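Residue numbers (this note's numbering): 317 to 967.
We put the beta carbon where it would ideally sit given N, CA and C, even for glycine.
Every value quoted in this text rests on a predicted model; they were computed, and no experiment measured them.
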């Protein structure tokens, strides 16, 4: 039988043995309580995070300290009186109640740390098992839609798990705003700095940043429903802020109404509203739309991860058609569903024939549940002669075999520059009509048929494209000489195709693309790299076969040298095109300019040092980004605050 970590004195123990136990238990409790308090200061309400930051563990012997309602309650009372003598003198039960609560907290921290370690170990084991994305795509294979259904409702629109901020931590920044503060007006508690990579001047408080370009950044600082009114009041006297970044602040319906009231009173203040992850529902959206449509200044609205639902389609239509200068609308992961998106684009398709071109240029529909209904309605919109849409982001959707329904609109479209379809479960059969419709396309610059990082988290399906698409993909590249970006990522195209034999080619280290003739049967990724190596404009191409050479029956010694040369020639062309277009080396392009190929340049106005710091820490293994909510009660508190605010307004 396993012995307890910290055994209690036996019934036959001498007074000296009992005293020794009590002394040891007292020292143990005090030392671990000190570590707990330090960790809690580092990470309030998330003690395990603080313990991990300090790289320490609480002593597991804490689990066996006596409790007041146990067989060893007398020991617990004695310990409580020794640890909290002042409380014991104040009230007979005060010390034992405090002791019991603290022991519970310590035990909870020990167990949660163990659970975190177990989860991390499991994750590491899975990561080792699934070495890279290639194995994930290979394991899935072509998406079997009839037997592996994915919901058309869209991924759940939940914010990242957070804890609400107390008002005290926000006051310094709110005071700065209320005094019409800029990034230069330093008040107590503020600190000047520069935004990494871009060098933009900023002024940072404990919670809140102002940048010299007019961005206000409170992303992930969790203003919440109780403090949002104070923030909007502070902004009433601030004329500096132009871009409002409040991502993942769970302000809820009460917060949406506070923002709507601000916009009604100051319609020309803000150009950008970044409200991702704020528990805004369809009813809350309506109040925001009623305000935004009267603003000629608002140009970019970001609503990702808010549970708008399909009933929001009509209000979104009003927003798109009535906001005079709205050019960007982000609806990623908003639970619109296939039906909601279909309704929105049916309304838009009916609207634009008899009206001027809409100002909307970029729409984000990732993880919305797109399927056959939305593909058909989006196609109808794209086919209109005065369609002005430039960017259509539709990754992480169960599109699959529905993709051909989009192609009639693409064939007639003359405005689209960016089309993303990463992790949409498409196969050769669905993709061939797409490539045909886009060969050529007058304006297309970006096509993403690759893999999205969030595929497993959002329960979506990878694309699976094979050698059957080699020639259609090559034809697509040849027919679109102005294309800048093509992503396939991990793909089922083989390195050289099924029947290519390099034996007739003389092995060489000369970095020049070999001259292939029709008899060589060059196929697979090598054929695509060969096209990239002569493309006049392409600056980014990503493709990796999920099949190693030996799996394809191709010896590495016989084929490896040629694969290296073909890839090298393609890379040389990409680098040359980057130098010609941007005047920078390829590393600088990847770090700074590549994002503006895939996205419009004014995505800079939603850049947040808070989001970037967390993402960077996660990449370095210094921080774990929580993805799933526990039983914190935060979401229920946000919901109740919204209901209470609604009752007060109706009174």
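Euclidean distance between Cα positions of residue i and residue j
i	j	result
residue 740	residue 849	28 Å
residue 450	residue 863	8 Å
residue 820	residue 790	Residue confidence is low: residue 820 scores 46 on pLDDT, short of 50, so the model does not pin down where it sits. No coordinate-derived value is stated.
residue 889	residue 854	8 Å
residue 454	residue 782	12 Å
residue 629	residue 601	10 Å
residue 834	residue 528	Confidence at residue 834 is low in this model, with a pLDDT of 39, below 50, so its placement is unreliable and no value can be given for it.
residue 667	residue 661	9 Å
residue 458	residue 747	12 Å
residue 371	residue 355	10 Å
residue 756	residue 955	50 Å
residue 575	residue 548	7 Å
residue 828	residue 808	Model confidence at residue 828 stands at a pLDDT of 49, short of 50, so the residue's coordinates are unreliable and nothing is read from them.
residue 365	residue 359	6 Å
residue 730	residue 675	16 Å
residue 644	residue 520	28 Å
residue 845	residue 856	12 Å
residue 777	residue 476	22 Å
residue 714	residue 596	24 Å
residue 764	residue 472	24 Å
residue 640	residue 909	29 Å
residue 384	residue 415	9 Å
residue 336	residue 343	11 Å
residue 832	residue 664	Model confidence at residue 832 stands at a pLDDT of 48, short of 50, so the residue's coordinates are unreliable and nothing is read from them.
residue 428	residue 340	24 Å
residue 486	residue 369	24 Å
residue 515	residue 917	17 Å
residue 483	residue 543	7 Å
residue 762	residue 705	14 Å
residue 588	residue 545	19 Å
residue 327	residue 417	27 Å
residue 531	residue 350	40 Å
residue 893	residue 793	15 Å
residue 550	residue 612	23 Å
Continuous alpha helix (DSSP H) stretch holding residue i: start and end
i	result
residue 520	It is not in any alpha helix (DSSP H) - residue 520 instead sits in the beta strand (DSSP E) that spans 517-520.
residue 914	910-914
residue 691	688-698
residue 364	363-370
residue 487	483-494
residue 449	449-456
residue 606	598-608
residue 333	331-358
residue 726	723-728
residue 403	401-406
residue 787	786-795
residue 843	840-848
residue 540	540-551
residue 577	568-581
residue 656	653-667
residue 638	629-638
Paired residues, beta bridge with residue i - DSSP
i	result
residue 616	588 and 644
residue 507	520
residue 807	861
residue 525	520 and 533
residue 708	679 and 735
residue 780	743
residue 560	532 and 589
residue 674	The partner list for residue 674 (beta bridge, DSSP) is empty, contrary to what the question assumes.
residue 801	762 and 856
Host beta strand (DSSP E) of residue i (start-end)
i	result
residue 678	678-680
residue 533	531-533
Nearest-angstrom Cβ-Cβ length linking residue i and residue j, presumed shorter than 8 Å
i	j	result
residue 859	residue 805	7 Å
residue 537	residue 481	6 Å
residue 618	residue 646	4 Å
residue 861	residue 810	6 Å
residue 558	residue 582	In fact, because the Cβ distance is near 12 Å, the residues do not count as touching under 8 Å.
residue 732	residue 752	Not a contact, Cβ separation roughly 16 Å.
residue 348	residue 374	5 Å
residue 687	residue 654	4 Å
- Query: For the region 502-513 against the region 677-694, are there 3 or more C-beta pairs whose distance is under 8 Å?
  - Reply: no
- Query: How do the region 901-912 and the region 603-618 stand: do at least 3 beta-carbon pairs fall below 8 Å, yes or no?
  - Reply: no
- Quick one: any contact between the region 697-707 and the region 715-725, if contact means 3 or more CB pairs under 8 Å? yes
- Query: Are the region 416-423 and the region 377-386 touching, with three or more C-beta to C-beta distances below 8 Å?
  - Reply: yes
- Can at least three beta-carbon pairs, one atom from the region 622-636 and one from the region 919-928, be found at a separation below 8 Å? no
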